[in-house]
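Using this note's numbering, the first residue of the sequence shown is number 9, and each one after it goes up by one. Glycine residues also receive a C-beta, built at the ideal position from the N, C-alpha and C atoms. Please read these numbers as outputs of a predicted model, since none were measured by experiment. In what follows, a single structure is set out as structure tokens and then discussed.
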Amino acid sequence: MNRVLKVALLSGLAVTLASCSSVRGMLPFGLGKDNSPQATASEGQRISVLAFEQALVPSAALSGRDFFIPGPQAATAWTQPGGNAENSVEHVIAAPDFTIAWRRGIGAGSSRTRQVMAPVVADNGRVFVLDGEATVSALDAGTGAQAWRTSVKPAEDSRHTGFLGMGGRSDGGGFGGGVAVGGGKVFVSSGYRTVTAIDQASGAVIWTTPVDVPIHGAPTVSGTRVFVVDVENQIQAFDTATGRQDWSYRGIPEPARLMRASSPAVTGDTVIAPFSSGEVVALRASTGQAVWQQVLSRASRTSALSEIRDIAGRPVISRGVVYAVSHSGVLSAMDIRSGQPKWPALPIAGVNAPLPVGDVVYVVSKAGELTVINRESGQIYWTRNLNEGRVRQEGGMFGMFDRTVRPSWSGPLMASNRLVLTNSDGELVAFDPKTGVQTASLRLGGPVYIAPAAYNGALYVLTDKGDLVSIR
């Protein structure tokens, strides 16, 4: 089933309810309030709905100006879904030859009832991946040889919550979750309502802690705690040694969410939690006490899907600033201590983590537009359409009732002076980071909805079919 259709199925009911003014009026904290400009047309007068929409406009002051990008550094570990606990890796040495070294099947791929959603992590010479049936595999990073496989799927699967993960049994199973590495353990979150610690060397289960609702996002490990966000917008912190829950914090409930799922970012004693309500909440990592909160939400008069406020891309902490983008069309840069915006929010709807590198921030919109932003001012250098030449018509008969298909993109990652992204057409594509011009591409053998990971000079990409591909 097409991913766009899946998103529509997941969120259609919630969008319908949220679009109703009577329901919006009952939402807390002013979430349902219509803050858009109001206008009334007199007889014979027309008002353009497009005038209500903001647009990204390159700054004339930045036209033709260069920007600084630091040189690549060796990636000797990729222990978290975003590389490290801050989800911030600027520029790595990886895949200089841009050729496929090996390909290995890691288990169940995506299907109607399961999804491959977990980013790749790597440490101590091994790559760790989670397939569509909640089985963790450890593979040799150089050869792809399997070291061990461990399932975290409960033996009694009556705990299923169904495809939506919202209660009731169906054939959907407990899709989602992810992996992270720390302190000699592999931590696994699961749509089967569990958080598990596995011995990194042997694959033996150390502890498993049941939780009340499914977890579709990967965990983040920092210090003595592992953090996860469940599908009911609750972030939970567990002790890495025992699996005991240390604390939990619940955000605003929001059933409308995307298939992709995010992970917290952590620096020092601050954890940044992203929620499907569009909330970004800073909490004390030691106690769970809230420090500040921002809601990245923008209603659109031309897109009902803007009612889905989900922050599906990981928030990024870089140089004391939190960068986050919501599906409803808000990219914000917030001070890590106060939550105050560094510059006015930009109207970008995205499902990928922003990438701060040197003087700039790269971000890819859900429409496939790559934008380069000045880190200090929030002004735009340029925007490029990644789908140029990739849009096609599918379905229909005799040229009628066909549909327009545009690839969805995951990333970016800066690797060996290339800006690298994957897409749903099964490509790994490299772009010039200064101009946005495409410089190389590889066919990966299947659709990809997960950004690449970098480790010891290689890129690792997990396809939707359940194939792990190493690129050197």
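*Applying the criterion that 16 or more other CB atoms from any shown protein chain within 10 Å of the CB defines a buried residue, is P261 buried or exposed?*
exposed
*Three-state secondary structure (DSSP) of A461*: strand
*Classify L354 as helix, strand or coil using the three-state DSSP reduction.*
strand
_Residues near A353 in its chain [Cβ-Cβ closer than 6 Å; skip 5 each side]_ = V338 and S340
*Thinking C-beta only, is P355 closer than 9 Å to G398?*
The residue asked about is misnamed: residue 398 is Arg in this sequence, not Gly. No; because the gap between Cβ atoms is not below 9 Å, this pair is not in contact.
_Please state whether the Cβ-Cβ distance between T216 and V137 is less than 9 Å._
no
*asked:* Since A155 and A163 should fall inside the 8 Å C-beta cutoff, what is the C-beta to C-beta distance between them, to a whole number of angstroms?
replied: Actually they are not in contact, since the Cβ atoms of A155 and A163 sit about 23 Å apart, beyond 8 Å.
_So, under 8 Å CB-CB, G328 and D343 are touching, yes? Tell me the CB distance rounded to an integer number of Å._
7 Å
*Measure the alpha-carbon distance for I101 versus A109 and round it to whole angstroms.*
16 Å
*Find out if the Cβ-Cβ distance for the pair V324, S416 is shorter than 9 Å.*
no
_Paired residues, beta bridge with P349 - DSSP_ = M342
*N-terminal and C-terminal residue of the beta strand (DSSP E) that M422 is part of*: W417 to A423
*Taking the Cβ atom as the reference point for each residue, do Q208 and R112 lie within a distance shorter than 9 Å?*
no
*In terms of alpha-carbon separation, which member of A459, V97, R73 and E384 lies closest to A273?*
V97
*Give the single residue among V221, P349, Y331 and S118 whose Cα lies nearest to the Cα of P362.*
Y331
*Could you tell me which of V477, Q302, L467 and D475 sits nearest to S82, measuring between CA atoms?*
Before going further, note that residue 82 is Ala rather than Ser in the sequence given. Looking at the Cα atoms, L467 is the closest of the given residues.
_Alpha carbon of D131 to alpha carbon of T84, nearest angstrom_ = 8 Å
*If you draw a straight line from the C-alpha of G251 to the C-alpha of T232, how long is it?*
10 Å
_Reduced DSSP secondary structure (H/G/I, E/B, other) of L64_ = coil
*V553 and A298: beta carbons closer than 9 Å?*
Examination of residue 553 is not possible in this model, given that the chain is present from 9 through 480 alone.
_Alpha carbon of L64 to alpha carbon of Q387, nearest angstrom_ = 9 Å
*Have a look at V229 and T158 and give me their C-alpha separation to the nearest angstrom.*
20 Å
*Alpha carbon to alpha carbon, what distance is there between I280 and S256?*
13 Å
*Within the stretch 222-299, note down every full beta strand (DSSP E) run reaching 3 residues or more, in order along the chain.*
228-230, 233-237, 242-247, 253-258, 273-275, 278-282 and 287-292
*By DSSP, does A142 sit in helix, in strand, or in coil?*
coil
_Cα-Cα separation between Y463 and I206, rounded to whole angstroms_ = 21 Å
*Return helix, strand or coil for I69, following the three-state DSSP convention.*
Going by the sequence as given, residue 69 is Ala instead of Ile. Reduced to three states, the DSSP call for A69 is helix.
*asked:* Judging by CA-CA distance, which residue of S346, G321 and T278 is the nearest neighbour of Q6?
replied: What the structure shows of the chain is the stretch from 9 to 480, and residue 6 is not part of that stretch, so it cannot be assessed.
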